[in-house]
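Asks:
Protein chains: 2
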Amino acid sequence: MSTSSSDTPATTRRSGRPRSERARAAILRSAEELLDEEGYTAVTMDAIASRSGASKATLYRWWPNKAAVVMDAYFEHNNPDISFPDTGSLHADLVQQLSAVVHGMNDTVAGHLLARLIADAQYDEGLAESLRGRFISARRADAVAAIERGRARGQLRHGADPEVLVDLLYGALYYRLLVTGQHTGTGYVHTLLGQLGISSPTESG
Amino acid sequence: MSTSSSDTPATTRRSGRPRSERARAAILRSAEELLDEEGYTAVTMDAIASRSGASKATLYRWWPNKAAVVMDAYFEHNNPDISFPDTGSLHADLVQQLSAVVHGMNDTVAGHLLARLIADAQYDEGLAESLRGRFISARRADAVAAIERGRARGQLRHGADPEVLVDLLYGALYYRLLVTGQHTGTGYVHTLLGQLGISSPTESG
DNA sequence: CCCATTTCGAAACTGAACGTTTCGTACGGT
DNA sequence: ACCGTACGAAACGTTCAGTTTCGAAATGGG
Chain A
4 MSTSSSDTPA
14 TTRRSGRPRS
24 ERARAAILRS
34 AEELLDEEGY
44 TAVTMDAIAS
54 RSGASKATLY
64 RWWPNKAAVV
74 MDAYFEHNNP
84 DISFPDTGSL
94 HADLVQQLSA
104 VVHGMNDTVA
114 GHLLARLIAD
124 AQYDEGLAES
134 LRGRFISARR
144 ADAVAAIERG
154 RARGQLRHGA
164 DPEVLVDLLY
174 GALYYRLLVT
184 GQHTGTGYVH
194 TLLGQLGISS
204 PTESG
Chain B
4 MSTSSSDTPA
14 TTRRSGRPRS
24 ERARAAILRS
34 AEELLDEEGY
44 TAVTMDAIAS
54 RSGASKATLY
64 RWWPNKAAVV
74 MDAYFEHNNP
84 DISFPDTGSL
94 HADLVQQLSA
104 VVHGMNDTVA
114 GHLLARLIAD
124 AQYDEGLAES
134 LRGRFISARR
144 ADAVAAIERG
154 RARGQLRHGA
164 DPEVLVDLLY
174 GALYYRLLVT
184 GQHTGTGYVH
194 TLLGQLGISS
204 PTESG
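Sequences listed follow chains A and B, in order. First residue of the first sequence? That's 4 in our numbering, and the numbers climb one at a time after it. First residue of the second sequence? That's 4 in our numbering, and the numbers climb one at a time after it.
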């Protein structure tokens with residue numbers, strides 16, 4: 004009943020020429036290279052097509068617009084699905100996660116790219132949902148989980164709301180990235196945690 | 004020495020036809036109307052010129068690009084320079100200020116406009132500086148001043164850093180506006196203040 | 001083996017919008 | 001009167017997104 008009858012839902016092989024994996028990989032690689040070499044604004048669909056050897060028809064056959072290509076290109080080799088180990092300390096868990104984000108923001112290429120993907124998302128709800136779905140909410144979920152673990156261990160003060168704490172922590176980082184342009188770093192992460200009463204092991208035991 | 008000699012620094016009247024105040028006002032009003040009626044993306048330089056009766060040459064004579072025009076248009080009649088009265092309560096002061104921001108974010112026109120100005124600023128450092136100079140930093144300064152007053156009154160816990168608190172508060176709001184797309188409101192403002200230990204007068208006296 | 005189906009690359013095309021330039025004219029100071 | 005600047009009109013060049021057309025290539029089914 005489920006081997007290869009009329010309509011197998013997963014991996015349905017339609018007739019006709021199959022999609023070229025070679026073209027797909029070349030497109031994403033070219034987009035990433037252009038991104039690194041000349042920045043986001045220099046990445047045009049024509050440039051991607053030209054460098055990859057694919058045609059624009061193929062580009063638009065598989066991606067709805069430029070931002071979608073760029074996002075796929077970025078996440079192709081910067082997979083954000085890695086989740087962080089439980090260190091047993093709420094403070095250490097959060098430092099671990101937030102520092103990774105800060106590190107990405109300070110990378111001139113990745114940081115500007117993230118800012119600009121979010122910028123494009125203000126004009127494209129589809130892109131916004133996509134970005135949230137494959138990046139933002141994964142990070143949030145990680146952080147919330149760490150905070151829940153910390154609460155279970157009694158490392159969190161009473162009345163603290165994990166979701167709101169995540170808004171505050173990530174909010175401050177993105178606010179600096181997108182709005183004020185101020186620098187962020189590991190020191191700033193510690194400052195934030197300090198202000199929120201999530202003390203480091205050395206300070207309060 | 005300062006009446007009208009060779010170079011009076013302020014209100015220097017150069018020779019030649021003076022700038023048309025009528026054209027300036029018409030341009031900014033047209034931009035604002037287009038913004039309200041059709042949203043940011045529909046506001047093009049051609050449309051502004053056409054509606055205002057000014058020529059594109061005049062537009063580019065006085066503004067470097069579209070975002071600059073839109074920002075001037077927006078702030079022409081939505082002056083953000085109003086500062087809030089000192090209520091004597093840190094909690095009330097911050098509720099006052101943050102609620103005004105949240106209210107602006109929830110306005111479909113102003114909220115999207117702010118988000119998109121910030122988005123454009125990711126591609127235009129001049130716009131970014133301008134936006135910070137005439138909006139962001141004014142709001143920050145207000146909030147920092149309120150927190151300093153609260154600290155002087157002893158309404159703030161020891162070790163609290165006003166600048167970082169502002170990052171946390173505004174950060175959470177802008178994070179929701181720009182990144183997660185979640186709704187903000189007065190209730191959320193109270194939640195944030197509660198998480199930061201800035202209690203309302205009714206809760207802790 | 002042939003045919004239907006689908007993808008492919010090449011290339012031309014449309015359309016929107018930015019930003020520039022040219023031109024003749026209007027305005028104000030000296 | 002003259003000079004310098006701004007004005008509106010209009011055309012222009014350019015970039016880029018996204019679409020369409022075309023013939024060729026690849027796959028599966030009969």
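Ideal placement from N, C-alpha and C gives every residue a C-beta, glycine not left out.
To the nearest angstrom, how far is the alpha carbon of Arg142/B from that of Leu117/A?
Replies: One C-alpha to the other measures close to 25 Å.
Asks: Could you check the C-alpha separation between Glu35/A and Val73/A for me, to the nearest Å?
Replies: Each residue's Cα considered, the two are about 7 Å apart.
Asks: Using a cut-off of 7 Å between C-beta atoms, extract the partners of Val182/B located in chain A.
Replies: Within chain A, the residues near Val182/B are Ile121, Ile139 and Tyr177.
Asks: Please report how far the alpha carbon of Phe87/A lies from the alpha carbon of Ser140/B, in whole angstroms.
Replies: Roughly 36 Å separates the two Cα atoms.
Asks: Give the residues of chain A in contact with Thr44/B, contact being defined as C-beta atoms less than 9 Å apart.
Replies: The contacting residues are Tyr126.
Asks: Just to confirm, is the Cβ distance from His94/B to Ser18/B under 9 Å?
Replies: Not closer than 9 Å, so no.
Asks: Check the Cβ of Arg64/A against every Cβ in chain B and list those closer than 9 Å, keeping chain order.
Replies: Result: empty, since nearest Cβ-Cβ is about 25 Å, beyond 9 Å.
Asks: Quick check on this structure: which residue in Ile85/A, Gly114/A, Asn109/A and Ala113/A has the alpha carbon closest to the alpha carbon of Gln2/A?
Replies: Residue 2/A cannot be examined here, being either before or after the span of chain A that is shown, 4 to 208.
Asks: List in chain order: all unbroken alpha helix (DSSP H) runs of 4+ residues lying wholly within the stretch 116 to 204 of chain A.
Replies: The qualifying runs are 128 to 134, 140 to 155, 165 to 178 and 189 to 198.
Asks: So, at 7 Å on beta carbons, what are the nonlocal neighbours of Ala148/A in its own chain, with the 5 sequence-adjacent residues on each side left out?
Replies: Closer than 7 Å at Cβ, skipping near neighbours: no residue.
Asks: Compare the Cα-Cα distances from Ser92/B to each of Ala28/B, Glu166/B and Ala146/B and report the closest residue.
Replies: Comparing Cα positions, the closest option is Ala146/B.
Asks: Relative to the C-alpha of Ala28/B, which residue among His80/B, Gln198/B and Gly42/B is closest?
Replies: It is His80/B.
Asks: If you drop the 5 nearest sequence neighbours on each side, which residues of the same chain put their C-beta closer than 7 Å to that of Leu168/B?
Replies: Cβ within range, chain order: Ile150 and Leu199.
Asks: Put Arg20/B into one of helix, strand or coil per three-state DSSP.
Replies: The answer is coil: DSSP assigns Arg20/B none of H, G, I, E or B.
Asks: Identify the contact partners of Arg154/A in chain B, using a Cβ-Cβ distance below 9 Å as the criterion.
Replies: Those within 9 Å of Arg154/A in chain B number zero; the least Cβ separation is about 14 Å.
Asks: Check whether chain B comes within 9 Å of Tyr77/A, counting only Cβ atoms and requiring the distance to be less than that.
Replies: Chain B, which has no Cβ nearer than 9 Å to the Cβ of Tyr77/A, makes this no.
Asks: Can you grab the Cα-Cα spacing for the pair Phe78/A / Glu132/A, in whole Å?
Replies: Using only the alpha carbons, I get a separation of about 15 Å.
Asks: Mind pulling the chain A residues with CB within less than 9 Å of Arg135/B?
Replies: Ordered by position in chain A, the residues that pass the 9 Å Cβ test against Arg135/B are Val182, Thr183 and Gly184.
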